[in-house]
Amino acid sequence: MEISSFSLIVPDYDAGIAFFCDTLGFELIADEPQGRKRWIEVRARGATTSVVLARANGPEQEAMIGQQGGGRVWLFLKTDDFARDHARLLARGIIFEEDPRDEPYGRVAVFRDPFGNRWDLLQKAS
302 MEISSFSLIV PDYDAGIAFF CDTLGFELIA DEPQGRKRWI EVRARGATTS VVLARANGPE
362 QEAMIGQQGG GRVWLFLKTD DFARDHARLL ARGIIFEEDP RDEPYGRVAV FRDPFGNRWD
422 LLQKAS
């Protein structure tokens, strides 16, 4: 078994697509109307796991935008070239919470997406 996809609550479908596709460089693999909602699926190039963008429906879900990880880093964006991707994300407006640091498991820096979710940009140690 493997995780094929997971959902992420966003305030607006198009804002989610803009962040994942324009900023992170993911590919849009599905954008299907379903009445009042859309099935939006994005995926990092070369990855098998996708992210389903779910537009918040009502105040309870709106309150969860950016809070699905309980304030912790919970999304991990793996790279094979930290310096390249760190510079690319900075150029695209990503604000990192810290300078890159080296840990036993690899090089890492934390950033927040426009919705408040905390991410690691991570290059694993070889």
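So in my numbering, spot 64 of the sequence shown is number 365, and the numbers just go up one at a time. Ideal placement from N, C-alpha and C gives every residue a C-beta, glycine not left out.
Taken through DSSP and simplified to helix, strand or coil, Asp323 comes out as helix. In the structure shown, Phe377 falls within a strand segment according to DSSP collapsed to helix, strand and coil. The Cβ atoms of Gln335 and Phe383 lie no closer than 8 Å to each other. Cβ-Cβ distances below 8 Å link Phe327 to Phe321, Val343, Arg344, Ala345, Arg346 and Val352 in the same chain, with the five nearest sequence neighbours on each side left out; the list follows chain order. Within the same chain, and ignoring the five residues on either side of Ile341 in sequence, the residues whose Cβ sits closer than 6 Å to its Cβ are Tyr314, Asp332 and Leu354.
Here Val411 is actually not in contact with Asp400; their C-beta atoms are around 10 Å apart, not less than 8 Å. Pairing Pro405 with Ala426, the inter-Cα distance amounts to about 7 Å. Per DSSP, the beta-bridge partners of Ala410 are Leu422.
Shortest Cα-Cα distance from Trp375 to any of Gly417, Glu303 and Ser305 involves Gly417. Between Ile366 and Pro415, the CB-CB gap reaches or exceeds 8 Å.
Between the alpha carbons of Ala392 and Gln362 lies a distance of about 31 Å.
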